[in-house]
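Counting along the sequence shown from 1, when you hit position 248 you're at 248 in this note's numbering, and nothing is skipped either side.
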Amino acid sequence: MLPKIDPTTTRSWEKLLLLSQESKSTISELFLQDSERLSKFTRDLESIHFDFSKNNVSEEVLNALNELAIECKLPDAIEAMFKGDKINETENRSVLHTELRSADTNSKHSDIITAELRKIEVFSKKIIEGDWKGYTGKKITDVVNVGIGGSDLGPKMITNTLQPYWKSVTPHFVSNVDAQQLVEELEGLNPETTLFIIASKTFTTQETMTNAMSAREWFLKNGGALKNVSNHFVAVSTNEEAVLDFGINSENMFMFWDWVGGRYSLWSAIGLIIACTVGYSRFEELLRGAERMDDHFRTSSISDNIPAMSALIGIWYNNFLNYDSYAILPYDHRLRFLPSYLQQADMESNGKSTDRNGQPVSYATGPVIWGEPGTNGQHAFYQLIHQGTRIIPCDFIASAKPGHDYADHHNKLLANFLAQPEALMKGRTLKEVEQELKDKTKEEAEALAPFKVFEGNRPSTSILMDELTPFNLGMLTAFYEHRIFVQGVIWNIFSFDQWGVELGKQLAKPILSEIQNNLSGDHDQSTHNLLNKIQGIRR
Ligand code: F6P
Numbered sequence: 001m002l003p004k005i006d007p008t009t010t011r012s013w014e015k016l017l018l019l020s021q022e023s024k025s026t027i028s029e030l031f032l033q034d035s036e037r038l039s040k041f042t043r044d045l046e047s048i049h050f051d052f053s054k055n056n057v058s059e060e061v062l063n064a065l066n067e068l069a070i071e072c073k074l075p076d077a078i079e080a081m082f083k084g085d086k087i088n089e090t091e092n093r094s095v096l097h098t099e100l101r102s103a104d105t106n107s108k109h110s111d112i113i114t115a116e117l118r119k120i121e122v123f124s125k126k127i128i129e130g131d132w133k134g135y136t137g138k139k140i141t142d143v144v145n146v147g148i149g150g151s152d153l154g155p156k157m158i159t160n161t162l163q164p165y166w167k168s169v170t171p172h173f174v175s176n177v178d179a180q181q182l183v184e185e186l187e188g189l190n191p192e193t194t195l196f197i198i199a200s201k202t203f204t205t206q207e208t209m210t211n212a213m214s215a216r217e218w219f220l221k222n223g224g225a226l227k228n229v230s231n232h233f234v235a236v237s238t239n240e241e242a243v244l245d246f247g248i249n250s251e252n253m254f255m256f257w258d259w260v261g262g263r264y265s266l267w268s269a270i271g272l273i274i275a276c277t278v279g280y281s282r283f284e285e286l287l288r289g290a291e292r293m294d295d296h297f298r299t300s301s302i303s304d305n306i307p308a309m310s311a312l313i314g315i316w317y318n319n320f321l322n323y324d325s326y327a328i329l330p331y332d333h334r335l336r337f338l339p340s341y342l343q344q345a346d347m348e349s350n351g352k353s354t355d356r357n358g359q360p361v362s363y364a365t366g367p368v369i370w371g372e373p374g375t376n377g378q379h380a381f382y383q384l385i386h387q388g389t390r391i392i393p394c395d396f397i398a399s400a401k402p403g404h405d406y407a408d409h410h411n412k413l414l415a416n417f418l419a420q421p422e423a424l425m426k427g428r429t430l431k432e433v434e435q436e437l438k439d440k441t442k443e444e445a446e447a448l449a450p451f452k453v454f455e456g457n458r459p460s461t462s463i464l465m466d467e468l469t470p471f472n473l474g475m476l477t478a479f480y481e482h483r484i485f486v487q488g489v490i491w492n493i494f495s496f497d498q499w500g501v502e503l504g505k506q507l508a509k510p511i512l513s514e515i516q517n518n519l520s521g522d523h524d525q526s527t528h529n530l531l532n533k534i535q536g537i538r539r
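Right, here's the structure in full:
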């Protein structure tokens, strides 16, 4: 079980509150005050370098944060998760996505995990090598993953990030119940050479089931026959009964288990599309990378623990400096889906306001996660990050070597990856601006100067890889998973349930029937009016 400690009752919380009220040195001043700041605030694991030094955190604050983690019994919580305690208490489940990527053959579920991995290996090899034939004997050229949330965002992020490793099939992702996405993805696909993976932990999710039925209809309308469905539809789920009911036989079903949370499931058979696209050995490298981060997370002391360090700095911002959002800025087009993947991973995990004792929390929990790849974001929202009234901690992520041959592009990308955090930290003083405007008249310079001042002192973390390999991507993804876990432990909330998504789903059911049958039920005035308008327009 997880400890149930209200963090605000700890001594370190008190201390952090006091520290937050004191006048603080700027980040640049912190560098001047401590010649060893860089080494104290950077960590390396394999070939990923984590630089936390440009954060608005003094050594004293960091020590108090580490104390907070100890007082909240973070080491016990980490052990409880890895051991398989039922730390997802409201669903009475263990949380063992880490076991999916463990090479330890003595682990609790090693047998079933290995069996499923072998099945993925064999299947993905057949797809890539063309031994799995479509109904007219042709090789599969396109694989469409039909899933949503954790059954979409994780596999989509990983598959797209590993684009340089793609082999012989093109991956597609359909998630939204808005059929526009299905229509666009199916455009130009040939049913003879298309394979659908219906991915759903529960196999009851409205969006996925609706898309799955329409994909089947498309297949049958465009030349496929019922007897051919088994060559073109496979399922990934924990719910065998529902898969069989849908008409997919158990040979075409890949299993995972209730101790794997949906948003932590890309390491399971939910990653089937990853293996089919980049090959099983790359999928395994991804698992090994995550396992490396798991080992580090489980065995390092709090002060050396990279996910914990990142999470605790986030706690300082969220709870003591009131910075309520967190930007993920990958300087790598391949990582363009990382922000949306992390939105679910983080916000569905830690967007909670009831603590582990069932009481309302009295402090802020999960921040708003958002982001875009650099350099696109620079020409969109960075203005606000540099000069807006809110302070937004950012993660800048890049790899030294690109996945392409355009060296000049990569040099420019990296120049921006380095320049932005430096600009955020240093800013530009009035004096510097005046110097820059020295060619203007005095009046012109005075009028313009205030707009060109950057106050600076804006925090960021830089994460630098040598290159974006499957192994490094596994490490990076597991780093963020554990960061989320640590914050949930400190906030005394349950990070592995998601009751907050239920109400909207429930309300949609009767409304759907009202839309279908042109009826109007009992709603608030606004909903009632909107429903009437829709019905009026569509009549
Ligand atoms: O959004 C709620 C949720 O339950 C997520 O947690 C999950 O990843 C997603 O729906 C999809 O669920 P399933 O894999 O069961 O279709």
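Even for Gly, the Cβ is constructed at its ideal location relative to N, Cα and C.
Bridge pairing for W370: A327 [DSSP]. Around the C-beta of Y406, fewer than 16 other C-beta atoms lie within 10 Å, and the residue is accordingly described as exposed. F337 carries a coil assignment under DSSP once its states are collapsed to helix, strand and coil.
Residue burial is scored here from C-beta neighbours: G223 has fewer than 16 other C-beta atoms within 10 angstroms and is therefore classed as exposed. If you check the CB distance, Y331 and T375 come in under 9 Å. Between V489 and A77, the beta carbon gap of about 4 Å places them in contact (Cβ cut-off 8 Å). As the crow flies, the alpha-carbon of S214 is around 9 Å from that of A179. Nearest to I128 by alpha-carbon distance, out of T277, R288, F233, is T277. Where V433 is concerned, the enclosing alpha helix (DSSP H) starts and stops at 430-436.
Taking the C-beta atoms as reference points, T161 is found nearer than 9 Å to L473. Counting C-beta pairs with one atom in each stretch, the segment 435-450 and the segment 490-501 have fewer than three that are closer than 8 Å, which means they do not touch. Within the DSSP bridge table, the entry for V183 names no partner. Its chain contains F454, E455, G456 as the residues whose beta carbon lies nearer than 6 Å to that of G427, once the 5 sequence neighbours on both sides are disregarded; these appear in chain order. Nearest Cα to L189 within the set I5, D51, P171, P7: P171. When DSSP assignments are scanned along the segment 385-415, the uninterrupted stretches of beta strand (DSSP E) that are 3 or more residues long and fall wholly within it turn out to be 394-399. Distance from the CA atom of N239 to the CA atom of S250, rounded to whole angstroms, is 11 Å. With a threshold of 8 Å, the Cβ atom of S495 does not count as near the ligand F6P, since no heavy atom of the ligand is closer than that.
In this chain, the beta strand (DSSP E) harbouring N145 covers 142-146. The Cβ atoms of R43 and E59 do not sit closer than 9 Å to each other.
Here the alpha carbons of T10 and T159 stand approximately 43 Å from one another. For S462, no alpha helix (DSSP H) segment is defined; the enclosing uninterrupted segment is the beta strand (DSSP E) at 460-465.
Going by DSSP, H49 is part of no alpha helix (DSSP H) but of the beta strand (DSSP E) stretching over 48-51. Just so you know, the alpha carbons of Q163 and F173 end up roughly 14 Å apart. Judged by their CB atoms, N228 and G134 are nearer to each other than the 9 Å cut-off.
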